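Just so we're aligned: 586 in our numbering is position 370 of the sequence shown, and the numbers increase by one with no gaps anywhere. Just so you know, even glycine gets a beta-carbon here, dropped at the ideal spot from N, CA and C. It should be emphasised that the depicted structure is a prediction, and the values quoted were computed from it without experimental measurement.
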Amino acid sequence: MQQKILILDFGSQTTQLIGRRVRELDTFCEIVPYNKFPENDENIIGVILSGSPYSVYDKEAFKVDLKKITAKHPVLGICYGAQFISYSLGGKVEPAGSREYGRQNLEFIDKQNPLFKDFDDNSQVWMSHGDTITKIPEGFKVIASTQGVENAAFVSEKDKIWGVQFHPEVFHSLQGTLLLKNFVVGICGSRQDWSAASFIETTVNELKAQLNNDKVVLGLSGGVDSSVAAVLLNKAIGKNLTCIFVNNGLLRKNEFQEVLKDYECLGLNVKGVDASEKFYADLKGVEEPEKKRKIIGKDFIDVFNEEAQKIDGVKWLGQGTIYPDRIESLNITGKTIKSHHNVGGLPEKMKLQLCEPLKWLFKDEVRRVGRQLGMPENLIKRHPFPGPGLGVRILGDITPEKVRVLQDADDIFIKGLKNWKCEDGVSLYDKVWQAGVILLPVKSVGVMGDERTYERAVALRAVTSTDAMTADWAHLPYEFLAKVSNDIINNVKGVNRVAYDISSKPPSTIEWE
Ligand code: XMP
């Protein structure tokens with residue numbers, strides 16, 4: 217039995233973070249929208265109710281039938297989750313005098329409570345809420361308060377229900393992970409046996425059973441997700457897996473050849489298809505970003521489809537989709553987290569079934585699995601790279617000449633990041649989430665030797681992030697930027713100016729198009 221903690225998502229921005237924390241405790245967890253509680257799942261050992269942008273009294277507030285959940289499982293409500301428990305079971309929630317936000321310290325009323333095992337006195341927690349619980353339900357008792365919040369944590373031991381007004385999942389709750397451990401391990405009884413090795417063993421067995429002798433085709437992108445998915449599938453079904461790696465002419469410098477070599481070293485049955493000319497021809501003269509994306513997407517599907525047709529009797533399409541691509545995180549605007557499916561539309565067109573062995577993993581877990589599978593670090597630590605590649609980093613129309621200029625500049629920047637070691641020995645490349653160069657559709661005047669030049673400008677982009685949903689510009693050292701700027705201008709013919717992008721996301725995005 218695969219034990220699992222179920223997280224009911226009421227729309228908080230930190231729901232995914234709760235999931236990550238639980239996984240860090242080597243415990244499998246699943247995040248489901250608040251109204252999709254799986255009533256007959258025998259593997260659930262406990263339930264966490266997330267926060268929410270709503271107040272329990274809002275008309276649109278997300279509500280569930282709590283009794284159905286608490287009757288079967290231990291429950292921990294966090295922020296709105298705690299308020300909802302209180303509200304549903306006869307307590308009282310009211311608007312706080314002022315929004316309670318920031319660091320506070322716990323004053324324990326029952327330090328012996330299993331939720332607080334091994335806690336330090338005055339442990340710091342992080343509050344962020346507009347409502348406050350003014351009365352807890354009958355049968356519950358308060359186990360901790362803070363200066364500003366009387367009912368900061370409460371429990372009904374008989375019913376195994378806990379509520380905390382603060383956010384244990386965030387960094388500023390200094391013993392937040394301990395609290396989650398006390399719930400997940402101490403109270404719910406997790407065996408903590410969810411590890412990369414156990415994941416690989418279970419998944420390979422499942423894939424063998426699911427796929428039998430069927431043939432699978434998988435599109436490799438050079439990125440970590442599709443590569444790890446391919447190695448897992450290869451372990452399960454060997455030569456029945458055919459991988460296709462398409463050169464769309466918009467990859468990084470020498471990437472097609474280098475990555476293909478890596479894949480062959482990994483023992484993958486991989487076919488490299490150089491379709492650059494087709495992509496360049498179809499993109500000729502097209503300037504509008506969305507149009508470019510559509511053409512690149514369609515061309516990829518056509519090339520992939522044509523190659524896949526050559527495989528006799530293929531039944532499945534393997535994909536490196538990961539958990540954050542799929543989570544339907546609720547938010548007030550009703551938007552879902554954006555996902556980029558580079559082979560969107562393919563399964564229907566080819567009448568293939570989908571096989572997504574990484575669909576339960578977060579990015580850092582994919583990397584752990586890759587390492588456990590013995591994959592080389594350069595593949596595992598690779599930065600994310602958009603499906604349309606340099607196509608969304610050449611502003612305006614795309615020509616082979618512009619691709620060459622951008623590839624050369626990008627290569628200098630990326631190699632520079634890899635070679636620049638920080639004081640702790642870690643390279644700048646490993647410190648940033650993603651980096652690349654953007655070719656701008658402007659020319660600027662410069663001077664080289666005695667000559668006036670009139671050439672292209674490029675922008676460097678490097679960001680820090682944990683999930684690409686938000687990002688900050690990386691504060692790269694000036695000396696490093698100075699060196700990269702010099703190297704680019706001196707070595708890349710056609711570029712005479714380098715700028716550094718200092719915008720964060722939001723309001724900007726990581727890519728320029
Ligand atoms: P933005 O620019 O939206 O990018 O901040 C967020 C992350 O997604 C990547 N990205 C893409 N990936 N197809 C992809 O496979 C795309 O069309 C695409 N657009 C953006 C981007 O590189 C960043 O990691």
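In the structure shown, what three-state DSSP assignment does residue i receive?
| i | result |
| --- | --- |
| Y716 | strand |
| Q299 | helix |
| I511 | helix |
| A625 | helix |
| I553 | Here I553 scores only 34 on pLDDT, less than 50, and its place in the model is too uncertain to base an answer on. |
| T362 | coil |
| K709 | coil |
| A698 | helix |
| N321 | strand |
| L692 | coil |
| E310 | strand |
| E523 | helix |
| D242 | coil |
| T682 | coil |
| C638 | coil |
| Q218 | coil |
| S726 | Checking the displayed sequence, the identity of residue 726 turns out to be Ile instead of Ser. It is coil, neither helix nor strand. |
| N463 | strand |
| V395 | The amino acid at residue 395 is misidentified as Val; the sequence shows Leu. L395: helix per DSSP, three-state reduction. |
| K357 | strand |
| A651 | strand |
| C571 | strand |
| S344 | strand |
| A287 | coil |
| N614 | The residue you asked about is not Asn; residue 614 is Ile in the sequence shown. I614: coil per DSSP, three-state reduction. |
| I538 | coil |
| R237 | helix |
Is any heavy atom of the ligand XMP found at a distance shorter than 7 Å from the C-beta of residue i?
| i | result |
| --- | --- |
| R237 | no |
| Q735 | Residue coverage of the chain in this structure runs from 217 to 729, which leaves residue 735 outside it and unanswerable. |
| A684 | yes |
| G465 | no |
| V309 | no |
| R609 | no |
| G435 | no |
| R598 | no |
| K431 | no |
| R509 | yes |
| G603 | yes |
| T362 | no |
| T537 | no |
| K284 | no |
| K721 | yes |
| I726 | yes |
Can you tell me whether residue i is buried or exposed, with buried defined as 16 or more other CB within 10 angstroms of its CB?
| i | result |
| --- | --- |
| D528 | exposed |
| E385 | buried |
| I718 | exposed |
| S228 | buried |
| T348 | buried |
| C481 | exposed |
| R609 | buried |
| D666 | exposed |
| D515 | buried |
| G465 | buried |
| D225 | buried |
| I616 | One detail in the question is off: residue 616 reads as Pro in this sequence, not Ile. P616 is exposed by the Cβ-count criterion. |
| K579 | buried |
| M217 | exposed |
| P290 | buried |
| M664 | exposed |
Is residue i near the ligand ADP, in the sense that its beta carbon is under 7 Å from a heavy atom of that ligand?
| i | result |
| --- | --- |
| K514 | Because the ligand ADP does not appear in the structure shown, any question about it cannot be addressed here, the ligands present being the ligand XMP. |
Less than 8 Å between CB atoms is the rule here; does residue i satisfy it with respect to chain D?
| i | result |
| --- | --- |
| K709 | In the structure shown, chain D does not exist; there is a single protein chain. |
Discussion item. For the pair the region 422 to 436 and the region 265 to 274, tell me if three or more CB-CB distances fall below 8 Å.
Written reply: no
Discussion item. Would you call the region 412 to 431 in contact with the region 574 to 592, where contact means no fewer than 3 C-beta pairs closer than 8 Å?
Written reply: yes
Item to complete: Assess, as a yes-or-no matter, whether the region 682 to 700 is touched by the region 632 to 644 under the definition of 3 or more beta carbon pairs within less than 8 Å.
Response: yes
Discussion item. Between the region 587 to 604 and the region 501 to 518, can you find at least three pairs of beta-carbon atoms closer than 8 Å?
Written reply: yes
Discussion item. I'd like to know if the region 256 to 272 and the region 284 to 302 are in contact, where contact means that at least 3 CB-CB pairs between them fall below 8 Å.
Written reply: yes
Discussion item. So, does the region 375 to 393 touch the region 415 to 426, judging by three or more C-beta pairs under 8 Å?
Written reply: no
Worksheet item: So, do the region 296 to 314 and the region 345 to 361 have three or more beta carbon pairs nearer to each other than 8 Å?
Response: yes
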